[in-house]
Amino acid sequence: MATNNWIIRTIQRCDFMLKLLVHLRKYWKLVLLSPTCMMIEVGMDLLQPLLLAAIVDKGVANGDIPFIMRTGLLMVGIAIIGMAGGMGGIMASSFAAQGFGADLRWQLFKKVQSFSFANLDELRTASLITRLTNDVTQVQQTVMMLLRAFVRAPLLSIGGLVMAISINARLALILLVTMPLLALSLWVVINKAFPLFMEVQRRVDRVNAVMRENLVGVRVIKAFVRAAKEKERFGSANESLRDITTRASRVVALQMPLMMLLMNLSIVAIIWFGGIQVNTGQMTVGEVIAFINYITQILFALMLVAWVLMAFSRAKASADRINEVLDTEALIREKPDPVVSKINKGEIVFDRVSFQYPGAGGAPVLQDISFTVSPGETVAILGGTGAGKTSLVNLIPRFFDVTQGRVLVDGVDVRDYSLKTLREGIGMVPQETILFSGSIEDNIRWGKEDATGEEIEAAAKAAQIHDFIVNLPDGYQTRLGQRGINLSGGQKQRLAIARALVAKPAVLIFDDSTSAVDTGTEACLQQSVKDYLGRCTRIIIAQKISSVMRADKIILLENGKIEGIGTHEMLLAKSPVYQDIYHSQWGQEAVVSG
Ligand code: UTP
Ligand code: MG
88 MATNNWIIRT IQRCDFMLKL LVHLRKYWKL VLLSPTCMMI EVGMDLLQPL LLAAIVDKGV
148 ANGDIPFIMR TGLLMVGIAI IGMAGGMGGI MASSFAAQGF GADLRWQLFK KVQSFSFANL
208 DELRTASLIT RLTNDVTQVQ QTVMMLLRAF VRAPLLSIGG LVMAISINAR LALILLVTMP
268 LLALSLWVVI NKAFPLFMEV QRRVDRVNAV MRENLVGVRV IKAFVRAAKE KERFGSANES
328 LRDITTRASR VVALQMPLMM LLMNLSIVAI IWFGGIQVNT GQMTVGEVIA FINYITQILF
388 ALMLVAWVLM AFSRAKASAD RINEVLDTEA LIREKPDPVV SKINKGEIVF DRVSFQYPGA
448 GGAPVLQDIS FTVSPGETVA ILGGTGAGKT SLVNLIPRFF DVTQGRVLVD GVDVRDYSLK
508 TLREGIGMVP QETILFSGSI EDNIRWGKED ATGEEIEAAA KAAQIHDFIV NLPDGYQTRL
568 GQRGINLSGG QKQRLAIARA LVAKPAVLIF DDSTSAVDTG TEACLQQSVK DYLGRCTRII
628 IAQKISSVMR ADKIILLENG KIEGIGTHEM LLAKSPVYQD IYHSQWGQEA VVSG
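Sequential numbering of the sequence shown, starting at 88, is according to this note's numbering.
This is how it looks when you write it as C-alpha cells:
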C-alpha cells in the first residue's frame, strides 16, 4: 500500500513535466534520433570490456603481440564510433531542447498577449519576466538531460547486467546485494534532497523579487535614502539562499562517497570471489576485469538516474510556474461571431452599469451608472481621486467587463465586437504615460502604423508638442530612453496624446492626460485637439474644473455613483458637490481659464 502511494506520488510529481513535454512533439525526429545515437554509444561502451578481456586472456597470456595490436586497434575504432554516436546524441538532444525552449517561450508570450488587465494584475509583470526567461531555461536544461540520461541509464544498466550475467552468472549474484543497497542509498539521498531543492527554488524567487523591486524602484529608494535598509533586505534573502543551497549540496555531496564505497566494496567482492574462481579455472583474469568494468558501468548508470531525479525536483518549481501561466484563462473573451461593422459614429451608452474588480470584495467600484454620449460630443468626467473615473472609462474598450448592465458603442454591446474592431474605434490616452524605446516619430506612429510624415506632424501640432520636437537636435528622430526618460512628465503626456490622435478614432478618451500640463497650454491643447479631430466623440477625465467647464456635458462622479450630469452652468446652479469643488478651486485655475 505504502509503495503504491509512493508510486502515485511520484507520478503526480512528474505530471507537471508531461504537460510541458507535449511541446516536444514537433521535434519527434530529433527526440528519436537522440536515443538511437545513444544506443550506438552505449553498445560501443559495452563492447570495450569484452575486447579488454580478450587482450588479457589471449594476447597477454600467450604473448601474442599481433593479436594485442589488432584488438587494440579495434578498440580505438569502436571508441571512435561510440564517440560519434555520443556527439550525435548530444546534438540531437540539445537541438530538440533548444527548440522546445523557444516554443515554450513563444507559447507563454502569446498567452500573455491574450491576457486581460485583470489577469495581468494577478500575475505580476516582473514575475512573468522571470517565468519567460529563467524558468524556461531551467526546464529546457532538464529536458535535455532527460533526453540523454533517461535513455542512457536504462540501456547501460540493462546492457551491463546482461553482459555481466553472460560472463558469469554466479558472480553476478553480487549485484543482488549491491543494487538494493545502492537503490536504498539513492532513495534516502533523493528524499532528503527533494524538499531542500524545492526550498532553494523558492528562495531564488525571493532573491529575484527583492532584486526586481530594487531595480525598478531605485530612484525612489535613493530619494527616501532607503539604500542601507534595502541592502539589508537583499543581504538576508541572499544569505538564506546560500544557506539552503549549501545544505542541499551537502546532502548531494554525501551521495558520491557513498556510491564510491559501494562500488569499491563490490569490486573487492568481485576480485575475492572471482579470484577463487580463477584459481579453480572456472574463470579467466580477463573475465574478472571485464566483469569489474560492467559493474562500474551499471553503478554509474544508476548514479545518472539519481542526478536526473535531482534535476527533476529543481525543475518542478519552474515547470509549475510555467504551467500556471499556460493554464490561466484570459478573462476577456471574444464572441465567436462578432459584429462586423466598424465604429464610426462614436455614440456611447452606459446602461445601469455596475462594476467590481475581479476578486475584490466590498461595495462595487461603480454603481448603477447610466448616461449617453451623443456622437461628436465632448463629455467630461469629474471626480476626486478614487471616485472610479479610470474604472469607468476602462469599460469602454473592454479592459474589464461590466459586472452588471451593459456598455453600448454605436448601439452595439461592446462584448459583441471583436476586440480589434472595438479598440481600433476607441483611442485612449491612459493615465500613466508609457512610451517605448525608439524615436519620437516611432512613438507617434505607434498609433497608426502607416501614418505619413504629414499626419504625424499634424497630430503633434494638435497635441501642442510639435514646437518642442522641432527644437530638439534630431527633431522627430530624437531617440527616447526605454521609458521616455529624457522627457518631462508634461512632454510625455502630450506625446501620448499625439499617439492617440494620429489614428483619428471615432471615440477618444483622455484619462487625466493633461494633469502635468500647465493651464495655459491645456486651454490651447483642448482647442487644437477639437479643431484637429472635428466630429469625434471625446471623453475627458479631469480633477480640475478648469479642464472641464467647456465640455458639452459634465458627469460628476463620487464614490462610484453619478452625483450629477449637466453643463457647467447647470451643475453650478443645482449640484452642491459641484459648487463645493468649484469654490475650492476658485481663485486658482478656475479664474485663469474662466
Ligand atoms: P479608479 O482608478 O477608477 O479611480 O479607482 P480614479 O477616479 O481614476 O482615481 P484617480 O483620479 O485616477 O486617482 C476607483 C476605485 O477602484 C479601486 C480603487 O481602490 C479605487 O477605490 N481599484 C482601482 C481597484 O480595486 N483595482 C484596480 O485595479 C484599480
Ligand atoms: Mg484614474
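Ideal Cβ positions, reconstructed from N, Cα and C, are used throughout, including at glycine.
All values derive from a computational prediction rather than experimental measurement.
Query	Result
Rounded to whole angstroms, what is the Cα-Cα separation between VAL664 and LEU658?	9 Å
Could you please go through the chain and list the residues whose beta-carbon is closer than 7 Å to any non-hydrogen atom of the ligand MG?	LYS476, THR477, GLN518, ASP598, ASP599, ILE628
Around the C-beta of ALA89, are 16 or more other C-beta atoms found within 10 angstroms, so that it is buried, or is it exposed?	Any reading at ALA89 must be qualified, since the residue scores a pLDDT of 48, below 50, and its modelled position is unreliable; no value is offered.
Between TYR669 and ARG581, what straight-line distance do the alpha-carbon atoms span, to the nearest angstrom?	26 Å
Which same chain residues, not among the five before or five after GLN288, have their C-beta less than 6 Å away from its C-beta?	ALA404
Counting along the chain, where does the alpha helix (DSSP H) carrying THR224 start and finish?	223-254
May I have the straight-line CA-CA distance separating VAL489 from ILE632, to the nearest angstrom?	28 Å
Among residues of its own chain, excluding the 5 on either side of LEU138, which ones have a beta-carbon nearer than 8 Å to its beta-carbon?	THR158, LEU161, MET162, ILE165
Could you round the C-beta distance between VAL460 and ILE626 to whole angstroms and report it? I think they count as a contact, below 8 Å.	7 Å
Tell me whether GLY322, by its Cβ, gets closer than 7 Å to a heavy atom of the ligand UTP.	no
Please classify PHE597: does DSSP put it in a helix, a strand, or coil?	strand
What does the Cβ neighbour count give for VAL679, buried or exposed, with the cut at 16 atoms within 10 Å?	Note that VAL679 scores 45 on pLDDT, short of 50, meaning its location in the model is unreliable; the coordinates nonetheless yield the value given after this. Counting Cβ neighbours within 10 Å, VAL679 comes out exposed, since fewer than 16 surround it.
Quick one, which of LEU243, GLY146, LYS106 has its alpha-carbon nearest VAL392's?	LEU243
Where does the unbroken beta strand (DSSP E) through ALA467 begin, and where does it stop?	465-469
Can you tell me whether ASP102 is buried or exposed? The criterion is at least 16 other CB atoms within 10 Å of its CB, across all chains shown.	exposed
Give a single yes or no on whether GLY473 has its beta carbon closer than 7 Å to a heavy atom of the ligand UTP.	yes
Apply the 10 Å Cβ neighbour rule to ARG257 and answer buried if 16 or more other Cβ atoms are within range, or exposed otherwise.	exposed
From the DSSP secondary-structure annotation, give me the bridge partner or partners of LEU506.	For LEU506, which the question treats as bridged, DSSP gives no partner whatsoever.
Apply the 10 Å Cβ neighbour rule to MET125 and answer buried if 16 or more other Cβ atoms are within range, or exposed otherwise.	buried
Using DSSP bridges, identify the partner residues of PHE204.	Paired residue(s): none; PHE204 is not in a bridge.
Compute the Euclidean distance between the alpha carbons of ALA315 and LYS309, then round it to the nearest angstrom.	10 Å
I'd like to check one pair, LEU469 with ALA629: are the Cβ atoms closer than 8 Å?	yes
Let me check one thing: in DSSP terms, what residues is VAL671 bridge-paired to?	A small fix is needed here, since residue 671 is Ser in this sequence, not Val. Beta-bridge pairing links SER671 to no other residue.
Do GLN518 and ASP598 have their C-beta atoms closer together than 8 Å?	yes
Are the stretch 608-621 and the stretch 434-452 touching by the rule of at least three beta carbon pairs closer than 8 Å?	no
Which same chain residues, not among the five before or five after LEU133, have their C-beta less than 7 Å away from its C-beta?	GLY246, GLY247, MET250
Would DSSP call LYS648 helix, strand or coil?	strand
Could you have a look at LYS640 and say whether DSSP puts it in helix, strand or coil?	strand
Are there 16 or more other CB atoms within 10 angstroms of the CB of MET347, so buried, or fewer, so exposed?	exposed
Cα separation between THR520 and ILE552?	15 Å
Once the 5 residues before and after THR332 are set aside, which same chain residues still bring their CB inside 7 Å of it?	VAL287
Could you round the C-beta distance between ILE142 and ILE155 to whole angstroms and report it? I think they count as a contact, below 8 Å.	6 Å
Kindly indicate which three-state DSSP category GLN564 falls into: helix, strand or coil?	helix
Measuring alpha carbon to alpha carbon, tell me which residue in ALA467, GLN369, GLY322, LEU345 is nearest LYS640.	ALA467
For VAL601, count neighbouring Cβ atoms within 10 angstroms of its own Cβ and tell me buried if that reaches 16, exposed if not.	The amino acid occupying residue 601 in the given sequence is Thr; Val does not appear at that position. Label assigned to THR601: buried.
Of all the options LEU111, ARG337, ALA546, which has the alpha carbon lying nearest to the alpha carbon of PHE187?	LEU111
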